Amino acid sequence: MLPPAPIPDAPSPEAECTGLSRLSSAQLGEQLRGEAAVSRVAARTLLGRLEAVHAVLMGVEDAALAARTAWVPESREEADAERERLRPLALEALTRHPELLAQTTSTYVRDGSPLAALPVESLPALAPAVRALLATTQALEPVRTVQTFLARATPRHVVETGLATDAHPRVRRAVLQALCRSRMDGAVEVLRQLCTRPELTAVDRGLLLDRLETLGEDVSLLDRESTLPLKAWVELARAEGADAVPKDLRGLPFVTALAPLGELPVRWLLTRTRELGEERLPRPFRHLLEQHLPPQALPALGRHALESWLSVKGKTGAAWMLSLIAEYGGDEAVTTICRRIDEWRRHQKPKANTAIRALGRMGTIFALSQLERIASAGGRYSESLVQNAREGLAEAAAARGLTPEQLREELVPDLGLTPEGLVVDMGPRRLRVKVRADLSLEVHHESGRVTQSFPALRKDEDPVKHAEGKQRFDVLRKNLQPVLKAQLARLEEALFVQDDYTQERWQRLFLLHPVLRLGIQPVLWSRLTPMSEVVGSFRVAEDGTLVDAQNAEVRLHPSERVGLWHPVLEDARTHSLWGEHLADYRLVQPFRQLQREALRPTDAERGATAITRFQGLSLWASRLRNTLERLGCRAPVGESGMLHEHARALPNHGVAFRVLHSPIQRQFELEERVELGQLEYTLEPRYRQRHGLAQEGQPTLGELPPVLCACLLDVMRSLALQADTP
1 MLPPAPIPDA
11 PSPEAECTGL
21 SRLSSAQLGE
31 QLRGEAAVSR
41 VAARTLLGRL
51 EAVHAVLMGV
61 EDAALAARTA
71 WVPESREEAD
81 AERERLRPLA
91 LEALTRHPEL
101 LAQTTSTYVR
111 DGSPLAALPV
121 ESLPALAPAV
131 RALLATTQAL
141 EPVRTVQTFL
151 ARATPRHVVE
161 TGLATDAHPR
171 VRRAVLQALC
181 RSRMDGAVEV
191 LRQLCTRPEL
201 TAVDRGLLLD
211 RLETLGEDVS
221 LLDRESTLPL
231 KAWVELARAE
241 GADAVPKDLR
251 GLPFVTALAP
261 LGELPVRWLL
271 TRTRELGEER
281 LPRPFRHLLE
291 QHLPPQALPA
301 LGRHALESWL
311 SVKGKTGAAW
321 MLSLIAEYGG
331 DEAVTTICRR
341 IDEWRRHQKP
351 KANTAIRALG
361 RMGTIFALSQ
371 LERIASAGGR
381 YSESLVQNAR
391 EGLAEAAAAR
401 GLTPEQLREE
411 LVPDLGLTPE
421 GLVVDMGPRR
431 LRVKVRADLS
441 LEVHHESGRV
451 TQSFPALRKD
461 EDPVKHAEGK
471 QRFDVLRKNL
481 QPVLKAQLAR
491 LEEALFVQDD
501 YTQERWQRLF
511 LLHPVLRLGI
521 QPVLWSRLTP
531 MSEVVGSFRV
541 AEDGTLVDAQ
551 NAEVRLHPSE
561 RVGLWHPVLE
571 DARTHSLWGE
581 HLADYRLVQP
591 FRQLQREALR
601 PTDAERGATA
611 ITRFQGLSLW
621 ASRLRNTLER
631 LGCRAPVGES
641 GMLHEHARAL
651 PNHGVAFRVL
661 HSPIQRQFEL
671 EERVELGQLE
681 YTLEPRYRQR
691 HGLAQEGQPT
701 LGELPPVLCA
711 CLLDVMRSLA
721 LQADTP
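First residue of the sequence shown? That's 1 in UniProt numbering, and the numbers climb one at a time after it.
Structure follows, in structure tokens:
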């Protein structure tokens with residue numbers, strides 16, 4: 001089929017657009033007020049130019065390319081002046097063509113929108129454009145971009161635009177979510193007033209009540225649905241609109257489990273939950289389920305929802321099932337979801353991202369610890385998955401009033417363990433599950449009998465209590481070793497950067513923690529004065545006491561801090577004594593500590609800002625890659641698909657380093673040789689402040705904390721040991 005013939009003398013849209021893109025801001029403003037077709041192209045050009053200028057000012061990756069494409073200055077000074085000229089014109093463009101905001105906002109990149117460059121004071125004029133975007137898109141990133149913009153405005157100004165009570169449910173919901181994230185003064189009062197507005201549905205009010213409750217507010221007088229009888233729920237479902245249960249859901253076990261609630265409430269719950277997709281199960285539905293289903297039915301509901309989600313292989317349209325799983329699935333569901341994330345992480349990233357967001361909504365210590373594992377897993381997960389996990393952790397930290405780093409320290413699940421072990425009460429009998437030295441489990445019965453597996457159900461026992469006990473046992477059995485492994489790997493990071501702890505924090509995080517105390521007996525610790533001087537070392541004995549290398553009991557002074565031991569902090573004799581001590585007790589350290597050497601910079605290196613001692617050494621590329629990957633380094637792909645460096649970042653500590661080397665093929669080449677370059681390091685301001693380093697300039701090797709310097713030297717020495725080795 002031939003393409004249609006061009007209309008004679010008709011202007012080419014591409015040529016017109018190209019011509020406009022070269023005009024100045026003032027000239028584009030004139031075109032904006034001209035004929036409709038030209039005005040629209042001018043508006044798009046202005047919005048694209050504003051976004052490119054903003055990218056230059058924010059230091060966004062590929063900002064220079066965006067600037068050249070949009071014909072805007074690349075220097076920050078000129079870009080700042082251009083932004084001030086463009087802002088009123090862009091605002092006029094969106095006022096004349098509100099539909100263009102949706103068309104110029106990225107569906108993949110957060111804040112990839114002209115909205116990010118506009119002042120929040122322009123919200124009243126932007127309200128029609130914001131409404132048009134929220135009403136027409138279901139993509140996650142554009143909605144989050146708008147919510148970030150709205151969260152910058154005062155809550156009262158947002159309400160005055162009418163967006164919070166808009167007739168379109170998608171618009172209203174997104175704006176209410178933005179208000180719930182606001183940290184502005186007066187937010188609580190605005191949320192309380194909105195709860196009384198007749199335009200809001202029960203589900204909308206539930207969102208506001210959840211936020212008020214998180215802020216410590218008493219919402220009992222506002223929470224109308226908290227004490228409704230089942231008959232009133234039927235009337236509410238009828239008033240809110242309850243569609244028929246979709247055919248693809250009929251007969252599913254979790255739908256059958258809802259039958260005691262009655263047809264109308266179930267229809268309302270399913271249709272609204274499905275519409276809301278990944279969001280948390282709305283507050284009214286939580287009230288409905290928890291008040292009018294027996295308590296033992298809720299865990300079963302979570303299990304049935306998990307089975308249904310798995311049966312459709314986590315397809316995008318079934319993401320709403322995760323809201324039920326997040327509320328009632330428990331830690332057993334966390335384990336299953338994590339397995340699916342690992343299966344989908346390479347070739348089904350949208351599914352994996354959906355599952356990662358579900359972990360964040362679950363909010364338990366175990367679920368968040370798995371998010372932290374993904375966020376810190378280096379090259380195992382793609383950047384989008386890692387970023388999603390970090391955002392989930394940041395939201396969880398903000399909800400708890402903590403920084404992400406403080407939250408990370410708390411994310412060690414106890415897996416149900418107490419000082420007595422895992423206690424399971426099944427009515428007629430009570431079991432105690434203990435952890436052995438090899439981390440296997442043993443079940444202690446009241447009769448004194450000890451078994452390795454969980455006992456079968458007896459006739460006189462409650463089946464629900466037995467199932468719950470078995471589930472707790474399985475969670476402990478499946479996750480004890482992975483949790484310990486992940487947390488001890490985190491300890492090695494703390495050793496690398498020479499972090500330390502107050503006594504109270506160290507005891508809470510390690511000595512008194514029912515899981516971590518099982519794995520820290522072989523770990524060595526340093527006693528530090530308030531000035532960070534080392535005054536001794538110790539380990540935790542099996543009975544919880546602290547002992548030194550000669551097995552004498554250690555009592556910490558109240559002013560002392562605790563840090564991880566490194567050979568560079570003490571003399572060779574102490575190093576030798578600890579080696580004999582651990583050998584006598586047959587203790588194997590979970591990470592390299594005693595095996596490290598007390599490496600220090602030479603006098604010539606003390607003033608250097610990079611490690612060049614091993615520069616020029618030649619080794620097999622396979623040895624280099626294997627060694628560095630074992631140390632947690634990853635290689636960014638350079639020009640022509642070649643690898644020029646391997647890097648490792650410790651974002652939770654503010655330290656990063658990279659090892660430079662001659663170019664090697666990305667694909668494995670058996671006979672390829674590589675020449676070592678230098679090791680360079682980067683320290684963030686927070687790390688510098690914590691260790692008393694200057695904020696300006698690059699600290700020299702002689703100024704670095706001794707342990708960090710020794711660990712960086714150890715990285716290069718590990719490579720040097722492979723030099724000229726066939």
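For each residue, glycine too, the CB sits at the ideal point set by N, CA and C. Note that the coordinates shown come from a computational prediction; the quantities given were computed from them, not determined experimentally.
Check your understanding: Applying the criterion that 16 or more other CB atoms from any shown protein chain within 10 Å of the CB defines a buried residue, is V109 buried or exposed?
Key -> exposed
Review point. For R83, which residues of its own chain have a beta-carbon under 6 angstroms away from its beta-carbon, when the five flanking residues on both sides are left out?
Key: V53
Point to revise | K459 to K465 span [Cα, whole Å] | key: 13 angstroms
Exercise for review: Assess, as a yes-or-no matter, whether the segment 480-488 is touched by the segment 509-516 under the definition of 3 or more beta carbon pairs within less than 8 angstroms.
Suggested key: yes
Review point. Thinking just about the alpha-carbon of each residue, which of R490, E504, G607, E672 is nearest to the one in residue 797?
Key: Here the chain has residues from 1 to 726 only, and residue 797 is not among them.
Check your understanding: Tell me which same chain residues have a C-beta within less than 7 angstroms of the C-beta of A164, skipping the five on either side of it?
Key -> V158, R172, V175, L176, L179, L194
Review point. Between the C-alpha atoms of D502 and P404, what's the straight-line distance to the nearest angstrom?
Key: One point to set straight first is that residue 502 is Thr, not Asp, in the sequence displayed. Answer to the nearest angstrom: the Cα atoms are 19 angstroms apart.
**Study point:** Backbone CA spacing between E14 and E279 [nearest angstrom]
**Key:** Since pLDDT at E14 reaches only 38, below the 50 mark, its modelled position is unreliable, and the value read off the structure follows with that caveat. The alpha-carbon atoms of E14 and E279 are separated by roughly 41 angstroms.
Check your understanding: So H581 is in the beta strand (DSSP E); what residue range does that whole segment cover?
Key -> H581 -> not in any beta strand (DSSP E); alpha helix (DSSP H) instead, spanning 572-584.
Point to revise | Cβ neighbours of M716 in the same chain (closer than 6 angstroms, five flanking residues each side left out) | key: I611, F614, L679
**Study point:** Minimum C-alpha distance to residue 728 - residue among A358, G302, R658
**Key:** No statement about residue 728 is possible, as the shown extent of the chain runs from 1 to 726 and does not include it.
Point to revise | Neighbourhood of R429 by C-beta distance below 8 angstroms, restricted to the same chain and skipping five residues each side | key: H445, E446, R458, E461
Exercise for review: Could you name each continuous alpha helix (DSSP H) segment of 4 residues or more that falls completely within the segment 196-234, going from the start of the chain to the end?
Suggested key: 202-214
**Study point:** Pairwise C-alpha distance: L431 and W565
**Key:** 39 angstroms
**Study point:** Buried versus exposed, by CB contacts within 10 Å (16 or more), E235
**Key:** exposed
Review point. In this structure, what does DSSP give as the bridge partners for A656?
Key: A649, T682
Exercise for review: Along the alpha helix (DSSP H) that carries W620, what are the first and last residues, could you check?
Suggested key: Here W620 belongs to no alpha helix (DSSP H); instead the beta strand (DSSP E) covers 618-620.
Point to revise | A102 versus T137 - alpha carbon distance | key: 8 angstroms
Review point. What number of angstroms, rounded off, separates the C-alpha of Q147 from the C-alpha of S182?
Key: 10 angstroms
Check your understanding: From A127 to E493, what does the alpha carbon distance come to, in whole angstroms?
Key -> 47 angstroms
Practice item. Determine the contact status of L306 and G329, defining contact as a CB-CB distance below 9 angstroms. Key: yes
**Study point:** Own chain, CB closer than 7 angstroms to P567, minus 5 neighbours either side, in chain order
**Key:** H575, R596, E597, A598
Practice item. Compare the beta carbon distance of L650 and F510 with 9 angstroms and say whether it is the shorter of the two. Key: no
Exercise for review: Would you kindly report the start and end of the unbroken beta strand (DSSP E) that includes T502?
Suggested key: 500-502
Exercise for review: Go ahead and pull the three-state DSSP assignment for M321.
Suggested key: helix
Point to revise | C-alpha distance - A319 paired with Q296, whole-angstrom precision | key: 24 angstroms
Check your understanding: Going by beta carbon distance, what residues of the same chain come within less than 8 angstroms of residue 728, once the five residues before and after it are set aside?
Key -> Limits of the chain in this structure are 1 at one end and 726 at the other, which puts residue 728 out of reach.
Practice item. Count the other CB atoms, across all protein chains shown, that sit within 10 Å of the CB of D438; report buried if there are 16 or more and exposed otherwise. Key: exposed
Point to revise | Beta-carbon separation (whole angstroms), D724 vs L619, contact threshold 8 angstroms | key: 7 angstroms
Review point. Can you tell me whether L65 is buried or exposed, with buried defined as 16 or more other CB within 10 angstroms of its CB?
Key: Since pLDDT at L65 reaches only 46, below the 50 mark, its modelled position is unreliable, and the value read off the structure follows with that caveat. Label assigned to L65: exposed.
Check your understanding: What number of angstroms, rounded off, separates the C-alpha of L200 from the C-alpha of E225?
Key -> 14 angstroms
Point to revise | Whole runs of the alpha helix (DSSP H) within the segment 356-416, excluding any shorter than 4 residues | key: 365-375, 383-400, 404-410
Point to revise | Separation of E263 from K231, as counted between CA atoms | key: 12 angstroms
Review point. Any idea if T354 is buried or exposed, counting beta-carbon neighbours within 10 angstroms, 16 or more meaning buried?
Key: buried
Point to revise | Identity of the residues DSSP links to Q665 by a beta bridge | key: M642
Point to revise | Same chain, Cβ closer than 8 angstroms to A10, five either side skipped, listed in chain order | key: Note that A10 scores 37 on pLDDT, short of 50, meaning its location in the model is unreliable; the coordinates nonetheless yield the value given after this. Closer than 8 angstroms at the Cβ level, and outside the excluded window around A10, lies no residue.
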